[in-house]
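Asker: If you scroll down you'll find the structure; I have some questions about it.
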Amino acid sequence: MAQFCFNAENALNCPICLNLLTDPVTTSCGHSYCMDCIERSWDQEVYKGVYSCPKCRTQFNQRPTLSRSTVLAEIVDGMNQEDPAGPEDVPCDVCKGRKLKAIKSCLVCLASYCQSHIQPHYESEAFRKHKLVNACSNLQQQICPQHHKALEIYCQDDQKCICVVCLGGQHSGHKTVSAADEMDKKQVKQCICCMGCF
Numbered sequence: 001m002a003q004f005c006f007n008a009e010n011a012l013n014c015p016i017c018l019n020l021l022t023d024p025v026t027t028s029c030g031h032s033y034c035m036d037c038i039e040r041s042w043d044q045e046v047y048k049g050v051y052s053c054p055k056c057r058t059q060f061n062q063r064p065t066l067s068r069s070t071v072l073a074e075i076v077d078g079m080n081q082e083d084p085a086g087p088e089d090v091p092c093d094v095c096k097g098r099k100l101k102a103i104k105s106c107l108v109c110l111a112s113y114c115q116s117h118i119q120p121h122y123e124s125e126a127f128r129k130h131k132l133v134n135a136c137s138n139l140q141q142q143i144c145p146q147h148h149k150a151l152e153i154y155c156q157d158d159q160k161c162i163c164v165v166c167l168g169g170q171h172s173g174h175k176t177v178s179a180a181d182e183m184d185k186k187q188v189k190q191c192i193c194c195m196g197c198f
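Here it is in structure tokens:
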């Protein structure tokens, strides 16, 4: 018999920004999004005259009117208030007193943020170009010490992470991939090696 595993936290993540829902709304096809995320997505579809659900691609001839999903909002609010940073978690750098668990780190601000403190990065134009990554405690190691840019590229020739400025300089012409792709590939290899141990 197949085993069903429900992960409530993933079910409460927005399919667009992949973070815990903020001001959740639900489309007529039943999918939920952050109000700002779905509005921005649909703003980009205005020229088509047809709007679609980013998750299932159901099309709407008119831009749907969205209303706040109060049940989801209450669940998310409850999760936000009950998620203090544990010893293995990255704490929010902005929280005063009891530090909440950080969900994202900004490579421009060099700070980690909980669900509520990350919101300005999604809502304000001033933060739109900031580079957000999953919360990490070693932020300095994510930045190029020479150019102070995010280490987003993996140089396969030199087998190390580099920034975009390095790519145009001493690593010009080298074989490169995105650092995230290389990390995924290494994690898969590690999993395969571990599976061979059993």
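If you count the sequence shown from 1, position 99 lands on 99 in full-length UniProt numbering, and the numbers rise without skipping. By construction, the Cβ of each residue, glycine as well, lies at the ideal position given by its N, Cα and C atoms.
Please name the residue, chosen from His147, Val133 and Gly86, that lies closest to Gly168 on a Cα-to-Cα basis.
Answerer: Among His147, Val133 and Gly86, the Cα nearest to that of Gly168 belongs to His147.
Asker: Between Pro24 and Glu74, what straight-line distance do the alpha-carbon atoms span, to the nearest angstrom?
Answerer: Cα-Cα distance, rounded: 10 angstroms.
Asker: By DSSP, does Leu139 sit in helix, in strand, or in coil?
Answerer: In the structure shown, Leu139 sits in a helix (DSSP, three-state: H, G or I).
Asker: So which of Cys166, Cys161 and His171 has the shortest CA-CA distance to Glu182?
Answerer: Cα-wise, what sits closest to Glu182 is Cys161.
Asker: Going by other Cβ atoms of all chains shown within 10 Å of its Cβ, with 16 needed for buried, is Thr27 buried or exposed?
Answerer: Flag for Thr27 reads buried.
Asker: Exposed or buried, Leu110, counting other C-beta atoms within 10 Å across all chains shown (16 or more means buried)?
Answerer: Exposed is the call here.
Asker: Could you check if Gln115 is buried or exposed, using at least 16 other CB atoms within 10 Å of its CB as the buried criterion?
Answerer: The residue is buried, with at least 16 neighbouring Cβ atoms inside 10 Å.
Asker: Put Ala179 into one of helix, strand or coil per three-state DSSP.
Answerer: If DSSP states are grouped into helix, strand and coil, Ala179 belongs with the helices.
Asker: With a threshold of 8 angstroms on Cβ separation, who are the neighbours of Lys131 within its own chain once the five nearest residues in sequence on each side are excluded?
Answerer: Around Lys131: Cys106, Leu107, Val108, Ala150 and Glu152.
Asker: Would you say Leu21 and Val76 are within 8 angstroms of each other, going by their C-beta atoms?
Answerer: A contact, by the Cβ cut-off of 8 angstroms.
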